[in-house]
Amino acid sequence: MTEPPLYERDPEAWNALLAEGNRTQARKRVGADVLFRDQAGRILLVDPNYKPDWDLPGGMAEANEPPLDAAIREVREELGIEYHGGRLLVVDWVAPHGPWDDSLMFVFDGGVLTTEQQAAIRLDSGELNEYRLVTEEEAKRLLRPYVWRRVEGALKAANADTATYLRDGSTA
Numbered sequence: 282m283t284e285p286p287l288y289e290r291d292p293e294a295w296n297a298l299l300a301e302g303n304r305t306q307a308r309k310r311v312g313a314d315v316l317f318r319d320q321a322g323r324i325l326l327v328d329p330n331y332k333p334d335w336d337l338p339g340g341m342a343e344a345n346e347p348p349l350d351a352a353i354r355e356v357r358e359e360l361g362i363e364y365h366g367g368r369l370l371v372v373d374w375v376a377p378h379g380p381w382d383d384s385l386m387f388v389f390d391g392g393v394l395t396t397e398q399q400a401a402i403r404l405d406s407g408e409l410n411e412y413r414l415v416t417e418e419e420a421k422r423l424l425r426p427y428v429w430r431r432v433e434g435a436l437k438a439a440n441a442d443t444a445t446y447l448r449d450g451s452t453a
């Protein structure tokens with residue numbers, strides 16, 4: 282007769298085994314950005330003062346924070362406007378680079394900002410130098426190449442009413 286599995290015969294030992302796996306398995310950084318556009322189709326970009334490149338509004342998730350919650354929090358902190366969430370457009374696996382391990386970047390749809398929402402934007406967090414609504418060509422110039430590919434993927438997903446998985450900004 283076979284012995285019952287560990288989770289049945291010793292739940293405490295099973296939980297200890299799971300805790301050891303949790304402690305030793307790889308952890309991923311998670312970021313969440315939002316693709317906002319205006320009525321003319323321009324893209325909202327932000328200029329963070331802590332790095333040399335422009336980006337989409339958003340940022341890194343805190344410990345155990347769901348990606349969409351991180352996007353909602355970051356938009357409120359960075360732009361001073363309420364974002365209530367939108368559909369997922371992109372999950373992008375970003376390879377290790379510089380001092381960073383790999384990460385997962387989520388891009389959510391922010392839809393079209395009304396004139397009132399644009400007027401309500403306030404850069405009060407101290408993290409951003411400015412924001413700008415830009416054409417796709419301007420975005421391509423202002424963003425790092427792999428970030429531009431991620432934004433381009435998000436635009437395509439938004440237009441196709443789908444979501445996509447990317448690997449360093451490229452289709453996998």
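Just so you know, we're using our numbering here: the sequence shown kicks off at 282 and counts up by one.
Glycine residues also receive a C-beta, built at the ideal position from the N, C-alpha and C atoms.
Continuous beta strand (DSSP E) stretch holding residue i: start and end
| i | result |
| --- | --- |
| residue 410 | 409-415 |
| residue 318 | 310-318 |
| residue 374 | 369-375 |
| residue 426 | No beta strand (DSSP E) holds residue 426; the alpha helix (DSSP H) holding it covers 426-441. |
| residue 326 | 324-329 |
| residue 403 | Looking at the DSSP string, residue 403 is not in any beta strand (DSSP E), and its letter there is neither H nor E. |
| residue 446 | 445-448 |
Residue range of the unbroken alpha helix (DSSP H) whose run includes residue i
| i | result |
| --- | --- |
| residue 353 | 348-360 |
| residue 288 | 287-290 |
Nearest-angstrom beta carbon gap, residue j and residue i [assumed within contact, 8 angstroms]
| i | j | result |
| --- | --- | --- |
| residue 338 | residue 363 | In fact, because the Cβ distance is near 13 angstroms, the residues do not count as touching under 8 angstroms. |
| residue 434 | residue 447 | 5 angstroms |
| residue 386 | residue 405 | At roughly 25 angstroms, the Cβ-Cβ gap does not stay under 8 angstroms, so residue 386 and residue 405 are not in contact. |
| residue 287 | residue 298 | 7 angstroms |
| residue 445 | residue 452 | 7 angstroms |
| residue 403 | residue 361 | 4 angstroms |
| residue 390 | residue 367 | 4 angstroms |
Beta-carbon proximity check, residue i vs residue j, cutoff 8 angstroms
| i | j | result |
| --- | --- | --- |
| residue 371 | residue 388 | yes |
| residue 336 | residue 415 | no |
| residue 382 | residue 310 | yes |
| residue 399 | residue 319 | yes |
| residue 330 | residue 408 | yes |
| residue 397 | residue 328 | no |
| residue 340 | residue 379 | no |
DSSP bridge partner residues for residue i (one or two, in chain order)
| i | result |
| --- | --- |
| residue 295 | Answer is none; residue 295 lacks a bridge partner. |
| residue 384 | 310 and 375 |
| residue 390 | 316 |
| residue 340 | 313 |
With 16 other Cβ atoms within 10 Å as the buried cut-off, status of residue i
| i | result |
| --- | --- |
| residue 291 | exposed |
| residue 343 | exposed |
| residue 333 | exposed |
| residue 302 | exposed |
| residue 359 | buried |
| residue 300 | exposed |
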